[in-house]
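Undergrad: Can you read through this structure? Questions will come right after.
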Amino acid sequence: MNPGASTPDTALAAKIARLVQERGWNQEDFARITQLNRHTVRQILQPREGRRLRNATVLACAQALGLTVHELRALPLERLLPRMRGVAPAEGDDKLKRLYEYATQPELLAWLDRHADRARRLTDAEIDQLLALQGPDGPLARMGVEHVVELLERKRRLHEKVESIANTEYLALLEQIVELLHEKVRPSGLS
């Protein structure tokens, strides 16, 4: 290999470092958000020739930056930089405005910057739930924003599927399944 040439992993680490810089994150922030150890983060943000990035590390970096692994690897830096600059809610973007206005946790604000498209798809009830879970010792801090939003999205998809099944000839079967599950989880003494 040519000593002056950059390896693909070194180039990728340099791209990640630039995107992290654009977000305004320091090493501590990036380590916390990616849940990678500080040594690994230091190696990414201060890349040296010959270092290899593990797939799990690249995945953690991509998720933290609000990208897919493919986007992180394939898209040029010029196309990714605008996505890192955060999303100011546009006029008429009431859901995002409300979230930005009432979000107090830095992790929630960082998630909003990375996932404005997903935030726009949240229902008003889901937004209420998300905001209610904030707090230094609240569920959002304990479980993580991404996990909580994934749960909200999963519940929404499940409700949509149940609604569509309820409008078919399988309504009676759906009722039986739901009743069986409800009996399993229902606290005793409640009807």
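Numbers 140 to 330, taken from this note's numbering, label the letters of the sequence shown in order.
For glycine and all other residues, C-beta sits at the position ideal for the given N, C-alpha and C.
Note the first and the last residue of the continuous alpha helix (DSSP H) segment covering L269.
TA: Against the sequence shown, residue 269 aligns to sequence position 130. Here the alpha helix (DSSP H) through L269 covers D263 to A271.
Undergrad: Confirm, please, whether the CB-CB distance from I183 to K234 is below 9 Å.
TA: One-based indexing of the sequence shown puts residue 234 at position 95. One-based indexing of the sequence shown puts residue 183 at position 44. It is not a contact, given that the beta carbons lie outside the stated cut-off.
Undergrad: If you follow the alpha helix (DSSP H) that P245 is in, where does it begin and where does it stop?
TA: Position 106 of the sequence shown, counted from the start, is the residue given in the question as residue 245. Residues P245 to R253.
Undergrad: Would you mind reading off the limits of the alpha helix (DSSP H) that contains Q160?
TA: Position 21 of the sequence shown, counted from the first residue, corresponds to residue 160. Q160 -> alpha helix (DSSP H) spans P147 to R162.
Undergrad: Tell me whether N194 sits in a helix, a strand or coil according to DSSP, three-state version.
TA: Here residue 194 corresponds to residue number 55 of the sequence shown, with the count starting at 1. Helix, per DSSP.
Undergrad: Any idea if K300 is buried or exposed, counting beta-carbon neighbours within 10 angstroms, 16 or more meaning buried?
TA: As a first step, residue 300 is located in the sequence shown; it is residue number 161 there, counting from the start. Result: exposed.
Undergrad: If I measure Cβ to Cβ from L175 and keep anything under 6 Å in the same chain, skipping five residues before and after, which residues do I get?
TA: If you number the sequence shown from 1, residue 175 lands on position 36. Only A199 meet the Cβ criterion.
Undergrad: Who are the near neighbours of A201 in its chain, counting only those whose CB is closer than 8 Å to its CB and skipping five residues on each side?
TA: Along the sequence shown, read from residue 1 onward, the residue named residue 201 stands at position 62. So the qualifying residues of the chain are T207, V208, E210 and L211.
Undergrad: Label K154 either buried or exposed according to how many other C-beta atoms from any shown protein chain fall within 10 Å of its C-beta, with 16 as the threshold for buried.
TA: Within the sequence shown, residue 154 is the residue found at index 15, counting from 1. K154 is buried by the Cβ-count criterion.
Undergrad: How would you write the range of the alpha helix (DSSP H) that Y309 sits in, first residue to last?
TA: Taking the first residue of the sequence shown as position 1, residue 309 is located at position 170. Taken as a continuous stretch (DSSP letters only), Y309 belongs to no alpha helix (DSSP H), as it is neither H nor E.
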